[in-house]
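Have a look at the structure below before the remarks.
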Amino acid sequence: MRLRGNIEPLPPVKTPGRQTKTQKRFWKVFWRQRYLYAMSLPFVVWVFVFHYVPVWGWTMAFQNYSPGLSFFEQEWVGFQHFIDLFSDERFYRVLRNTFAMAVMGLVAGFTVPIVFALLLNEVRQELFKRTVQTVSYLPHFVSWVVVAGIVTKLLSTSDGMINEGLLALNLVDQPIPFMAKETWFWGIVTLSDLWKEMGWNSIIFLAAMSGVSPELYEAAKADGAGRFRQMWHVTLPGIRSTIIVLLILSIGNLMSIGFERQLLLGNPLVVDYAEVVELYALNYGIGLNRFSFGTAISIFNSVIAMILLFTANYLFKKYSKESVY
């Protein structure tokens with residue numbers, strides 16, 4: 045019934061009878077799904093042991109940790125390691141490199157697999173489609189050591205295939221030192237990662253596209269839509285939820301770009317553009333036995349990742365009604 049004036053409806057009263065009914069429903073659902081809960085229990089224990097128990101080690105960031113002393117014998121220094129971290133000019137250069145390569149990797153590594161999956165989804169010859177899929181998946185199983193060797197060899201100035209091709213086409217007069225140019229390092233890392241992971245990342249989008257109802261395509265065809273308009277108005281809206289959820293998770297992992305690529309592809313000539321946060325923690329924390337300083341770097345990295353995840357989830361939930369929780 046519609047109320048008039050400034051009288052607001054009273055909130056529903058929680059009666060004991062209603063609560064008991066809700067509890068009975070909960071235990072009824074719990075008993076019905078008891079096997080699912082039992083199967084998920086080992087993974088919950090695994091996550092707790094390996095992802096929550098180690099958080100206890102964060103206390104090292106507030107100590108001058110010495111491996112030979114017990115927890116109560118350590119020297120507590122408060123936020124001194126965080127102050128040292130934010131006072132180091134190299135840290136801001138490392139932070140710039142991390143954000144730059146992470147954003148470039150997110151843009152290229154997220155949009156290209158979607159486009160690749162869209163094009164592959166339109167292929168009607170199954171043999172050709174499966175061959176392309178298999179070939180595109182293979183680089184994912186190649187280690188970064190091998191990938192770095194291939195990239196370095198291709199871009200070499202002595203006998204690199206890229207430089208030899210450019211010289212043969214008379215596009216350049218002398219070989220280009222790709223691996224010695226600082227500003228090109230971010231692009232080389234991004235393209236290398238894209239080649240390695242593009243096929244693998246497109247799997248989940250292809251799986252989502254297979255779930256789009258064929259009736260929607262038939263209706264689009266009846267309305268005169270071509271292949272491109274079907275992709276734009278049927279396929280992409282059909283996988284919209286998948287795209288948003290994966291995008292939110294990718295933004296949450298923006299700072300966790302690893303250090304293998306930068307370590308293997310980098311060299312002393314491009315070190316100012318190659319060093320990232322995790323490599324910085326390895327060199328100036330673990331490498332110099334400054335375990336507390338390295339832990340402070342890891343805490344900073346985790347806090348930024350959580351802020352990015354919650355912010356992205358909040359914005360998508362507000363404007364698109366899609367979120368991961």
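Quick note, the sequence shown lines up with residues 45 to 369 if you use my numbering.
Note that the Cβ used here is the ideal one computed from N, Cα and C, for glycine as well.
| request: Tell me, please, which residues DSSP counts as bridged to N108. | output: As DSSP reads the structure, N108 sits in a beta bridge with E119.
| query | Given L198, which residues of its chain have a CB within under 8 Å of its CB, disregarding the five upstream and five downstream residues? | reply | Around L198, the same chain offers G204, M205 and I206 as residues with beta carbons nearer than 8 Å, after the five sequence neighbours per side are excluded.
| task | With a 10 Å radius around its C-beta and 16 neighbouring C-beta atoms as the bar for buried, classify Y324 as buried or exposed. | result | With 16 or more Cβ atoms within 10 Å of its Cβ, Y324 is classed as buried.
| Where the alpha helix (DSSP H) through P86 begins and ends | Run containing P86: R78 to V91, per the alpha helix (DSSP H) assignment.
| task | Could you check if T279 is buried or exposed, using at least 16 other CB atoms within 10 Å of its CB as the buried criterion? | result | Classification for T279: buried.
| Delimiting residues of the alpha helix (DSSP H) encompassing T234 | T234: member of the alpha helix (DSSP H) spanning F229 to S254, first to last residue.
| Should the region 332-350 be called in touch with the region 215-230, which here means at least 3 C-beta pairs below 8 Å? | Touching, no.
| query | alpha helix (DSSP H) containing D132: first to last residue? | reply | Element bounds for D132: n/a, residue is neither H nor E.
| T64 by DSSP, collapsed to three states: which one? | The answer is helix: DSSP assigns T64 an H, G or I state.
| Which of the three DSSP states, helix, strand or coil, is assigned to R46? | Caution is warranted here: a pLDDT of 45 is assigned to R46, below 50, making its placement in the model unreliable, and the coordinate value is therefore given only provisionally. Taken through DSSP and simplified to helix, strand or coil, R46 comes out as coil.
| field | Boundaries of the alpha helix (DSSP H) in which L210 is found, first to last residue | value | Residues M205 to A212.
| message | Please give the ranges of any alpha helix (DSSP H) in the region 166-211, keeping only runs that are unbroken, at least 4 residues long and fully inside the region. | response | Qualifying alpha helix (DSSP H) stretches, in chain order: 170-181 and 188-198.
| Hey, V189 and V289: beta-carbon distance below 8 Å or not? | Not in contact: V189 and V289 (Cβ atoms no closer than 8 Å).
| task | Under the assumption that E298 contacts L352 (Cβ atoms under 8 Å), give the Cβ distance between them as a whole number of angstroms. | result | Looking at the sequence itself, residue 298 is Leu, so the reference to Glu does not match. Going by Cβ atoms, the distance from L298 to L352 rounds to 5 Å, so yes, they are a contact pair.
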